[in-house]
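Q:
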Amino acid sequence: MEVSITGARVLFRLPLGITITETQVSMWIIMLVIGLLCKWLTHDLKVKPTSRRQVVAETIVNTINNLLNDVMGVRFKDFAPFVATLFAFVVFSNLSGLFGLFSPTADLNTTLGWAIVVFIMILSTNIKTNGVGGYLKGLTEPVVFFTPLNVIGEFATPVSMAMRLFGNVLSGSVISTLLYAGLATLSSFVLQKLPGFLANIPIFQLGIPAILSIYFDVFSGVLQAFIFIMLTMAYVSNAASSE
Amino acid sequence: MAETLELLSIDFWQTLMAIGNLIILYFIVKKFLYKPVNEILESRAKEVDDIYSEAENMRKEARTYKETYEDKLNKVKNETDQMIKKATESAKLRSEEILNEAIAEADNERRKAENDIYLAKKKAMEDLSTKVSSMVVELSKQIVQKEIDLDAHQKLIDSAIDKLGESV
Amino acid sequence: MDKALILMGCAIGAGISMLGGIGPGIGEGYAVGKACEAIGRQPESKSDVTSTMLLGCAVAETTGIYSLIIGLLLIFVAPGIFMGYM
Chain A
1 MEVSITGARV
11 LFRLPLGITI
21 TETQVSMWII
31 MLVIGLLCKW
41 LTHDLKVKPT
51 SRRQVVAETI
61 VNTINNLLND
71 VMGVRFKDFA
81 PFVATLFAFV
91 VFSNLSGLFG
101 LFSPTADLNT
111 TLGWAIVVFI
121 MILSTNIKTN
131 GVGGYLKGLT
141 EPVVFFTPLN
151 VIGEFATPVS
161 MAMRLFGNVL
171 SGSVISTLLY
181 AGLATLSSFV
191 LQKLPGFLAN
201 IPIFQLGIPA
211 ILSIYFDVFS
221 GVLQAFIFIM
231 LTMAYVSNAA
241 SSE
Chain B
1001 MAETLELLSI
1011 DFWQTLMAIG
1021 NLIILYFIVK
1031 KFLYKPVNEI
1041 LESRAKEVDD
1051 IYSEAENMRK
1061 EARTYKETYE
1071 DKLNKVKNET
1081 DQMIKKATES
1091 AKLRSEEILN
1101 EAIAEADNER
1111 RKAENDIYLA
1121 KKKAMEDLST
1131 KVSSMVVELS
1141 KQIVQKEIDL
1151 DAHQKLIDSA
1161 IDKLGESV
Chain C
2001 MDKALILMGC
2011 AIGAGISMLG
2021 GIGPGIGEGY
2031 AVGKACEAIG
2041 RQPESKSDVT
2051 STMLLGCAVA
2061 ETTGIYSLII
2071 GLLLIFVAPG
2081 IFMGYM
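Chains as they are written, first to last, in the working numbering: chain A, 1 to 243; chain B, 1001 to 1168; chain C, 2001 to 2086.
#1: Could you tell me the alpha carbon to alpha carbon distance between asparagine 62(A) and valine 55(A), rounded to whole angstroms?
#2: Rank Gly73(A), Pro195(A), Leu95(A), Ala162(A) by C-alpha distance to the C-alpha of isoleucine 34(A) and give the top, closest one.
#3: Pull up the CB-CB distance for threonine 85(A) and leucine 1025(B), whole angstroms please, since I reckon it's below 8 angstroms.
#4: Looking at the unbroken beta strand (DSSP E) that takes in isoleucine 20(A), where does it start and where does it end?
#5: I'd like the list of long-range same chain contacts for proline 1036(B), defined as Cβ closer than 6 angstroms, with 5 residues on each side in sequence excluded.
#6: Output, in sequence order along the chain, the residues in the segment 2042-2057 of chain C whose CB is closer than 9 angstroms to any CB in chain A.
#7: Quick one: measure Cβ to Cβ for isoleucine 301(A) and phenylalanine 2082(C), integer angstroms, because I've assumed they're closer than 8 angstroms.
#8: Tell me, which residues are paired with valine 25(A) by DSSP?
#9: In chain C, which residues lie less than 9 angstroms from glutamate 1006(B) when you measure between Cβ atoms?
#10: Could you tell me whether any Cβ in chain E is nearer than 9 angstroms to the Cβ of leucine 2073(C)?
#11: List in chain order: all unbroken beta strand (DSSP E) runs of 3+ residues lying wholly within the segment 16-89 of chain A.
#12: Just verifying my parser: in three-state terms, what is the DSSP assignment at threonine 1004(B)?
#13: Does threonine 2062(C) get closer than 9 angstroms to chain B when you measure Cβ to Cβ?
#14: Could you give the first and the last residue of the continuous alpha helix (DSSP H) run that contains valine 132(A)?
#15: Starting from valine 169(A), follow the alpha helix (DSSP H) in both directions and report where the run begins and ends.
#16: Quick check: the Cα distance between serine 1090(B) and valine 1076(B), rounded to an integer number of angstroms?
#17: Under the three-state reduction of DSSP, which class applies to phenylalanine 1027(B): helix, strand or coil?
#18: Closer than 7 angstroms between beta carbons: that is the criterion. Which residues of the segment 156-167 of chain A meet it against chain C?
#19: Quick check on this structure: which residue in Ile2069(C), Leu2054(C), Ile2016(C), Ala2031(C) has the alpha carbon closest to the alpha carbon of alanine 225(A)?
#20: List the residues of chain B whose Cβ lies closer than 8 angstroms to the Cβ of isoleucine 34(A), in chain order.
#21: Can you give me the C-alpha to C-alpha distance between glycine 113(A) and valine 144(A), rounded to a whole angstrom?
#22: I'd like the span of the beta strand (DSSP E) that includes phenylalanine 12(A), first residue to last.
#23: Give the DSSP-derived three-state secondary structure of leucine 1139(B) in the structure shown.
#24: What are the start and end residues of the alpha helix (DSSP H) that includes methionine 212(A)?
#25: Note down the Cα distance separating aspartate 1107(B) from glutamate 1126(B), rounded to an integer number of angstroms.
#26: Which same chain residues end up closer than 6 angstroms to leucine 37(A) when comparing Cβ atoms and leaving out the 5 residues on each side of it in sequence?
#27: Going by Cα to Cα distance, which pick from Ala210(A), Asn109(A), Gly100(A), Met121(A) is closest to asparagine 1021(B)?
#28: Run through chain C and tell me which residues come within less than 7 angstroms of alanine 234(A), C-beta to C-beta.
#29: Applying a beta-carbon distance threshold of less than 7 angstroms, which residues of chain B neighbour glycine 97(A)?
#30: Taking 9 angstroms as the cut-off, decide whether the C-beta atoms of glycine 2071(C) and glycine 2015(C) are in contact.
#31: Determine the DSSP secondary structure at isoleucine 1019(B), reduced to helix, strand or coil.
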C-alpha cells in the first residue's frame, strides 16, 4: 500500500517552461461552469420575476452587495463583482474535489496568485487614499525603527492569505488520503484470511471518508471561501481608511 | 506514476495563470451576472419610482380636485346663504311694506268711513233741523189754519202727515 | 544511514512544529466561547457576532496554518533539499 501525497499532476509541458497541470484544467472547467451558470441564471430576466432562476440570481447579487455594504460601506460598490468572482472561484475550487477534479486551491500557485491580486488591490487602495508618500510614511510608524517589521507585515498579508486557504484545503485532502489509506490497511488486515478477491473488499472505506469529506470539502470549503472574501474586504476597506 | 509537481512549489507561470484566470473570470461574472442583474434591478427600481411618482401625481391631482370641489361647494353654500338672506330680507321688506300698506289702507278706510259718518251725521242733523223747523212751521201754520178752517182741518192734518211721512 | 537520520530529523521537526496547533486551538476555543456568551446575552446580534468571530478565528488560525506549512515542508520538501546536499 503506497500513500503518495504530491502536488498537481503535470499533463504536458509547453516551451518557456510553461507547465499545464491538473490545476489549470480544473480551473478552466470551473471557469466554464461558473460562466455557463451565470449565463443560465440570467438568460431571460424580466422586471417582474417569473422564474426561480432569476430570484436566485438576484439573491446572489443582493447578498454580495449587502455583505459589501456591511463590511466596506457604500463607496466600494464597484468592488462587488470582484468579491463575487473570488467567492465563486474559491467555493467551486474547494468543492471540485467532490467531483473528482483536482482542487485548484490545493495548489499553492493558485492561492498565491489570488492573494497577490488581493495584495495589489490593498496596495493600490492604500496608495489611492494616502498617496505614495502617505503609504511610505505609514510604513515608518510608530517609529522609524519599526519599518522592517512593517514591511514584513505588509508581505505577510498575502502570504498568510494564500497559506491559509492552501493549508486548509491541503490539510483536508492530506487527512482524507491518510485516513483512506489507513482504512484500506485496516480492512485488508481484517479480511486477510478470506480467499481471493474477497480480501480486497473495502469495508471500512465506504462510510467514514464521506463524513470527513462533508466537513473538509463542503463545510470547510465554503467557510474558507467566506473567510477569504471577508479578509479581502476587511483589508481593502482598512487600507482605504486614511490613518 | 505520472509526473507531478512538488507539494509546495512555486511556479511563476502557474501563479500568473491563476491571476489571469481570476481576472478572466472577473470579467465573465461582471458581464454575465452583474450587468444583466443590475440592469434588471435598476429598471425595477425605475419602475417602482415611476409608480410612486405616478401615485404622488395622482394624489396631488386628487388633492387639487378636492380643493376645487371644496371651493365650489363653499361658493355654492355662500351663494345659497346669500340668496336665502336676500330672499329673507326682501320677504321681510315686502311683508313690512304690505303690512304698512294694509295699515295705511285701513287707516284711510277708517278715516273715510269716519268722514262719511261725520258727513252723514252732519247731513242728518241738518236734515233733521230743517225738517224740524219746517215741521214746526207747518204745524204752526196748520194750527193757525185750523182756527180758520175747521173743515179743512182734517184735510190739512192728513196732508201734513202725508208730507211728513214723505219727507222723513 | 544518513538518509534515515535526515528523514527522522524532518519527521521529528514536523511533529514539533505541529505543537503550534495548540495555540490556535486554545485561542479559537476561547473566541468561540466568548461569542457564545455574547449571543446568549444579545441573541439579536447573532449574525454580526458570528461573522466577526469567524474572521477573528481565521486570523487566529494563521499561526496554526504556518506550523502546518512548516510541517508539510519538513516532510515533503526538506528531505529532498537536504539529501541534495549530500
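Each residue gets a CB set at the ideal place from its N, CA and C atoms; glycine is no exception.
A: In brief:
#1: Reading the first sequence from its first residue, position 62 is the one you call residue 62(A). Reading the first sequence from its first residue, position 55 is the one you call residue 55(A). So the alpha carbons of these two residues sit roughly 10 angstroms apart.
#2: Numbered from 1 along the first sequence, position 34 holds the residue referred to as residue 34(A). Across the set Gly73(A), Pro195(A), Leu95(A), Ala162(A), the C-alpha of Leu95(A) shows the shortest separation from the C-alpha of isoleucine 34(A).
#3: If you number the first sequence from 1, residue 85(A) lands on position 85. If you number the second sequence from 1, residue 1025(B) lands on position 25. The distance from the Cβ of threonine 85(A) to that of leucine 1025(B) is about 5 angstroms, consistent with a contact at the 8 angstroms cut-off.
#4: Taking the first sequence and counting its residues from 1, the one referred to as residue 20(A) is at position 20. First-last of the beta strand (DSSP E) with isoleucine 20(A): 19-21.
#5: What you label residue 1036(B) is simply residue 36 of the second sequence in a count that begins at 1. Cβ neighbours of proline 1036(B) beyond the five flanking positions: none.
#6: Within the segment 2042-2057 of chain C, the qualifying residues are Asp2048, Ser2051, Leu2054, Leu2055, Cys2057.
#7: The structure shown does not extend to residue 301(A), since chain A is modelled only from 1 to 243, so the question has no answer here.
#8: Locating residue 25(A) in the first sequence gives position 25, counting from the first residue. Per the DSSP secondary-structure output, valine 25(A) pairs with nothing in a beta bridge.
#9: For this step, residue 1006(B) is matched to residue 6 along the second sequence. Result: Phe2076, Val2077, Gly2080.
#10: Included in the structure are the protein chains A, B and C, with no chain E among them.
#11: At a cut-off of 3 residues, the continuous stretches assigned as beta strand (DSSP E) that sit fully inside the segment 16-89 of chain A are 19-21.
#12: As a position in the second sequence, residue 1004(B) is number 4, starting the count at 1. Three-state DSSP puts threonine 1004(B) in a strand.
#13: Sequence index remark: in the third sequence, residue 2062(C) carries index 62 (1-based). It does not; no Cβ of chain B falls within 9 angstroms.
#14: Taking the first residue of the first sequence as 1, we reach residue 132(A) at position 132. Taken as a continuous stretch (DSSP letters only), the alpha helix (DSSP H) holding valine 132(A) covers 108-139.
#15: Walking along the first sequence from the start, residue 169(A) turns up at place 169. Run containing valine 169(A): 147-190, per the alpha helix (DSSP H) assignment.
#16: In the second sequence, counting from the first residue as 1, residue 1090(B) sits at position 90. In the second sequence, counting from the first residue as 1, residue 1076(B) sits at position 76. Approximately 20 angstroms between the Cα atoms of the pair.
#17: As a working mapping, residue 1027(B) is identified with position 27 in the second sequence. Three-state result, phenylalanine 1027(B): helix.
#18: Correct list: Ser160, Met163, Arg164, Gly167.
#19: Looking up residue 225(A) in the first sequence gives position 225. The residue with the shortest Cα to Cα distance from alanine 225(A) is Leu2054(C).
#20: As a first step, residue 34(A) is located in the first sequence; it is residue number 34 there, counting from the start. Neighbours of isoleucine 34(A) on chain B, chain order: Leu1025, Ile1028, Val1029.
#21: Start at 1 with the first residue of the first sequence, and residue 113(A) comes out as number 113. Start at 1 with the first residue of the first sequence, and residue 144(A) comes out as number 144. Between glycine 113(A) and valine 144(A), the C-alpha separation is close to 31 angstroms.
#22: In the first sequence, counting from the first residue as 1, residue 12(A) sits at position 12. Start and end: 10-13.
#23: By one-based count along the second sequence, residue 1139(B) stands at place 139. Here leucine 1139(B) sits in helix by DSSP.
#24: As a first step, residue 212(A) is located in the first sequence; it is residue number 212 there, counting from the start. The amino acid at residue 212(A) is misidentified as methionine; the sequence shows leucine. Where leucine 212(A) is concerned, the enclosing alpha helix (DSSP H) stretches over 208-213.
#25: Counted from its first residue, the second sequence places residue 1107(B) at position 107. Counted from its first residue, the second sequence places residue 1126(B) at position 126. Cα to Cα, the separation comes out at about 27 angstroms.
#26: Here residue 37(A) refers to the residue found at position 37 of the first sequence. If we look at leucine 37(A) and ignore the five residues flanking it on each side, it has no Cβ neighbours.
#27: Working through the second sequence from its first residue, we reach residue 1021(B) at position 21. Nearest to asparagine 1021(B) by alpha-carbon distance, out of Ala210(A), Asn109(A), Gly100(A), Met121(A), is Asn109(A).
#28: What you label residue 234(A) is simply residue 234 of the first sequence in a count that begins at 1. Ordered by position in chain C, the residues that pass the 7 angstroms Cβ test against alanine 234(A) are Leu2055.
#29: For the purposes of this step, residue 97(A) is identified with residue 97 of the first sequence, where counting begins at 1. Think of a sphere of 7 angstroms around the beta carbon of glycine 97(A): no beta carbon from chain B falls inside it, the nearest being about 16 angstroms out.
#30: Sequence index remark: in the third sequence, residue 2071(C) carries index 71 (1-based). Sequence index remark: in the third sequence, residue 2015(C) carries index 15 (1-based). With a cutoff of 9 angstroms on beta-carbon distance, glycine 2071(C) and glycine 2015(C) are scored as near each other.
#31: As a position in the second sequence, residue 1019(B) is number 19, starting the count at 1. Here DSSP, grouped into helix, strand and coil, assigns isoleucine 1019(B) to helix.
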